[in-house]
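Numbering (UniProt numbering), first residue to last: 1 to 176.
All residues carry an ideal CB built from backbone N, CA and C; glycine is no exception.
Only a predicted model underlies this, so the values are computations on that prediction, with no experimental measurement involved.
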């Protein structure tokens with residue numbers, strides 16, 4: 001059998017359909033990457049995590065809000081870095097040896113979005129299993145980005161909406 005390696009829009013559409021189906025299947029698995037801010041446990045869908053980077057100071061952006069730490073060059077892409085502690089209205093804190101940047105990528109957009117979030121520490125990969133996702137409560141900045149609460153052992157994890165976090169217009173327009 002001979003293969004045609006020339007660009008083919010039909011092949012591209014089929015490939016995109018397969019990728020979308022894989023994404024939907026993976027999202028049903030409901031695995032989350034948990035991380036810490038202060039003493040609180042948060043999580044994001046693991047399929048939205050591009051990579052975890054060691055904290056390095058980014059290039060600052062003049063006149064940016066205090067929670068926008070700057071930008072980094074990630075394999076030719078300019079990636080904004082947001083300090084999630086400050087964005088959620090928490091007390092500023094220096095860097096710990098465990099401080100990392102979670103690089104998140106939206107797979108559901110026509111034009112993929114990417115952003116780095118500074119967090120205190122990465123905890124674990126957690127499966128939802130039989131746990132029920134409870135509605136988020138409160139009026140905190142973090143609650144505005146929460147999909148709900150999940151029991152994780154003796155703790156409660158706030159599951160964050162990656163799409164909301166990656167909406168730069170929203171994140172810049174709302175006050176922490």
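With 16 other CB atoms within 10 Å as the buried threshold, where does residue 87 fall? buried
Would you decide whether residue 54 is buried or exposed? Buried here means 16 or more other CB atoms lie within 10 Å of its CB. exposed
Assuming residue 65 contacts residue 165 (C-beta within less than 8 Å), just tell me the rounded distance between them. So it is not a contact: roughly 15 Å between Cβ atoms.
What is the DSSP secondary structure of residue 165, counted as helix, strand or coil? helix
Host beta strand (DSSP E) of residue 36 (start-end): 31-37
Quick one: residues in its chain with C-beta nearer than 7 Å to the C-beta of residue 70, no 5 flanking neighbours on either side, listed in chain order? 58, 59, 60, 61, 81
In chain order, what residues of the same chain have a beta carbon less than 6 Å from the beta carbon of residue 168, not counting five sequence neighbours either side? none
From residue 34 to residue 133, what distance separates their C-alpha atoms? 15 Å
Taking the C-alpha atoms as reference points, what is the distance between residue 15 and residue 85? Its pLDDT being 36, under 50, residue 15 is placed unreliably by the model, and the measurement read from it follows with that caveat. So the alpha carbons of these two residues sit roughly 38 Å apart.
Roughly how many whole angstroms lie between the Cα atoms of residue 162 and residue 99? 20 Å
If distances are taken between C-alpha atoms only, which option among 146, 143, 97, 138 comes closest to residue 122? 97
When you compare each of 44, 128, 145, 50 to residue 112 by their alpha carbons, which one comes out closest? 50
Minimum C-alpha distance to residue 95 - residue among 103, 76, 129, 120: 120
Mind checking whether residue 116 and residue 103 have CB atoms under 7 Å apart? yes
Skipping 5 residues on each side, what residues in its chain have a beta carbon closer than 7 Å to that of residue 37? 84, 85, 88, 90, 119, 120
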